[in-house]
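Right, dumping it as structure tokens:
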């Protein structure tokens, strides 16, 4: 079946450093991946997406890398800021025509 | 802000009761998806409505049902509430519900079942 998992449940980084959040997926048929950010008391907020025909996509301060060989996804945040503190979810769109979310990584930015 | 609104923000019910949650989609979007998010977990897909018809369902029992109205707003109904139904209920809207389409989430309704 489909599943999306994250390597680490928590990540702490110093303000100004780069953050890397990893995600593994199991369904090789998944063809669309999304990263969401969820702040306390709010709904998930779209950050960036990537389709399976791409290896890398960049946004403002964020980069998503997709390695289909090992079924691995990562989110890189450059110059991490206090406002980046949140839970980050990766989600995949697979053959079941639904978004499947991982369990999330809590990112804490230290002053 | 995504333009997706949900009501109420919080709700307390007792076991066995029924609840109705509401969602207004972003302007121009005709698809609404509902998710359940337990504490410390990622959202789990309940079902999706496209043009007033159910267009996909996750692994949830029939006591979870929904409606979509001509203005594309939506309701989630849960009958015979159980303690494990306590969660954050999220709705997300998208243009057509198609594959590889971004879903925009509302702030959620926090349901507590006692």
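Protein chains in written order, with the working numbering: chain W, 77 to 187; chain R, -15 to 98.
In this text, a Cβ means the ideal position worked out from N, Cα and C, and glycines have one as well.
Subject >> Minimum C-alpha distance to residue 7 of chain R - residue among R:14, R:1, R:-11 and R:-3 >> reply: Position 23 of the second chain, counting from 1, holds the residue named residue 7 of chain R. The shortest Cα separation from residue 7 of chain R among R:14, R:1, R:-11 and R:-3 belongs to R:-11.
Original post:
Per DSSP, which one or two residues make a beta bridge with residue 49 of chain R?
Top reply: For the purposes of this step, residue 49 of chain R is identified with residue 65 of the second chain, where counting begins at 1. In DSSP, residue 49 of chain R forms a bridge with R:61.
Original post:
Identify the residues that DSSP records as bridge partners of residue 125 of chain W: which are they?
Top reply: Working through the first chain from its first residue, we reach residue 125 of chain W at position 49. W:110, per the DSSP bridge assignment.
Subject >> Span of the beta strand (DSSP E) around residue 39 of chain R >> reply: For this step, residue 39 of chain R is matched to residue 55 along the second chain. Per DSSP, residue 39 of chain R belongs to the beta strand (DSSP E) from 37 to 41.
**OP:** Tell me, please, whether the CB atom of residue 91 of chain R is closer than 8 Å to any CB atom in chain W?
**Re:** Walking along the second chain from the start, residue 91 of chain R turns up at place 107. Yes, contact with chain W.
Original post:
Does the beta-carbon of residue 135 of chain W have 16 or more other beta-carbons within 10 angstroms, so that it is buried, or is it exposed?
Top reply: Here residue 135 of chain W is taken as the residue at index 59 of the first chain, counted from 1. With fewer than 16 other Cβ atoms within 10 Å, it is exposed.
Original post:
Taking Cβ positions only, does residue 86 of chain R come closer than 8 Å to chain W?
Top reply: The count along the second chain starts at 1 and reaches residue 86 of chain R at position 102. It does; some Cβ of chain W falls within 8 Å.
Subject >> Buried or exposed by the 16-neighbour rule on C-beta atoms within 10 Å, applied to residue 145 of chain W >> reply: Position 69 of the first chain, counted from the start, is the residue given in the question as residue 145 of chain W. So residue 145 of chain W ends up on the exposed side.
Original post:
Buried or exposed: which applies to residue 68 of chain R, given that a residue is buried once 16 or more other Cβ atoms fall within 10 Å of its Cβ?
Top reply: Locating residue 68 of chain R in the second chain gives position 84, counting from the first residue. Under this definition residue 68 of chain R is an exposed residue.
Original post:
the ligand GTP heavy atoms versus the CB of residue -8 of chain R: any closer than 7 Å?
Top reply: As for the ligand GTP, it is missing from this structure, which has no ligand bound.
Subject >> Under the three-state DSSP convention, the category residue 95 of chain R falls into >> reply: One-based indexing of the second chain puts residue 95 of chain R at position 111. Residue 95 of chain R: strand per DSSP, three-state reduction.
Original post:
Should the region 40 to 53 of chain R be called in touch with the region 72 to 80 of chain R, which here means at least 3 C-beta pairs below 8 Å?
Top reply: no
Subject >> Exposure of residue 85 of chain W, with buried meaning 16 or more beta-carbon neighbours within 10 Å >> reply: What you label residue 85 of chain W is simply residue 9 of the first chain in a count that begins at 1. Result: exposed.
**OP:** Provide the residue(s) that pair with residue 132 of chain W in DSSP beta bridges, ordered along the chain.
**Re:** What you label residue 132 of chain W is simply residue 56 of the first chain in a count that begins at 1. In DSSP, residue 132 of chain W forms a bridge with W:141.
**OP:** Note down the Cα distance separating residue 104 of chain W from residue 178 of chain W, rounded to an integer number of angstroms.
**Re:** Within the first chain, residue 104 of chain W is the residue found at index 28, counting from 1. Within the first chain, residue 178 of chain W is the residue found at index 102, counting from 1. Rounded to whole angstroms, the separation of the alpha carbons of residue 178 of chain W and residue 104 of chain W is 16 Å.
Original post:
Can you check whether the CB of residue 140 of chain W is closer than 8 Å to the CB of residue 169 of chain W?
Top reply: For the purposes of this step, residue 169 of chain W is taken as the residue at position 93 of the first chain. For the purposes of this step, residue 140 of chain W is taken as the residue at position 64 of the first chain. Not a contact, by the Cβ cut-off of 8 Å.
Original post:
Going by Cα to Cα distance, which pick from R:-14, R:14 and R:26 is closest to residue 38 of chain R?
Top reply: As a working mapping, residue 38 of chain R is identified with position 54 in the second chain. The option with the nearest alpha carbon to residue 38 of chain R is R:14.
Subject >> Chain-ordered neighbours of residue 74 of chain R on chain W, where CB pairs are closer than 9 Å >> reply: Residue numbering aside, residue 74 of chain R sits at position 90 when the second chain is read from its first letter. Those within 9 Å of residue 74 of chain R in chain W are 119 and 120.
Subject >> Reference residue 102 of chain W; option with closest CA among W:182, W:143 and W:164 >> reply: Position 26 of the first chain, counted from the start, is the residue given in the question as residue 102 of chain W. Residue 102 of chain W has its Cα closest to that of W:143, out of W:182, W:143 and W:164.
Subject >> residue 187 of chain W versus residue 79 of chain R - alpha carbon distance >> reply: Along the first chain, one-based indexing puts residue 187 of chain W at 111. Along the second chain, one-based indexing puts residue 79 of chain R at 95. A straight line joining the alpha-carbon of residue 187 of chain W with that of residue 79 of chain R spans about 40 Å.
Original post:
By the 10 Å Cβ neighbour count, where 16 or more other Cβ atoms means buried, how is residue 76 of chain R classified, buried or exposed?
Top reply: Locating residue 76 of chain R in the second chain gives position 92, where the first residue counts as 1. Residue 76 of chain R comes out buried.
Original post:
Looking only at its own chain, which residues have a Cβ that is under 6 Å from the Cβ of residue 149 of chain W, when we skip the five neighbours before and after it?
Top reply: Here residue 149 of chain W refers to the residue found at position 73 when the first chain is read from its first residue. Contacts found: 99, 109, 142 and 166.
Subject >> Cβ pair residue 157 of chain W, residue 94 of chain W closer than 8 Å >> reply: Your numbering for residue 157 of chain W matches position 81 in the first chain. Your numbering for residue 94 of chain W matches position 18 in the first chain. No, the pair does not count as a contact, with Cβ atoms beyond the cut-off.
Subject >> Supposed close pair residue 91 of chain R, residue 159 of chain W - CB separation, criterion 8 Å >> reply: The count along the second chain starts at 1 and reaches residue 91 of chain R at position 107. The count along the first chain starts at 1 and reaches residue 159 of chain W at position 83. Not really, about 18 Å apart at Cβ, beyond 8 Å.
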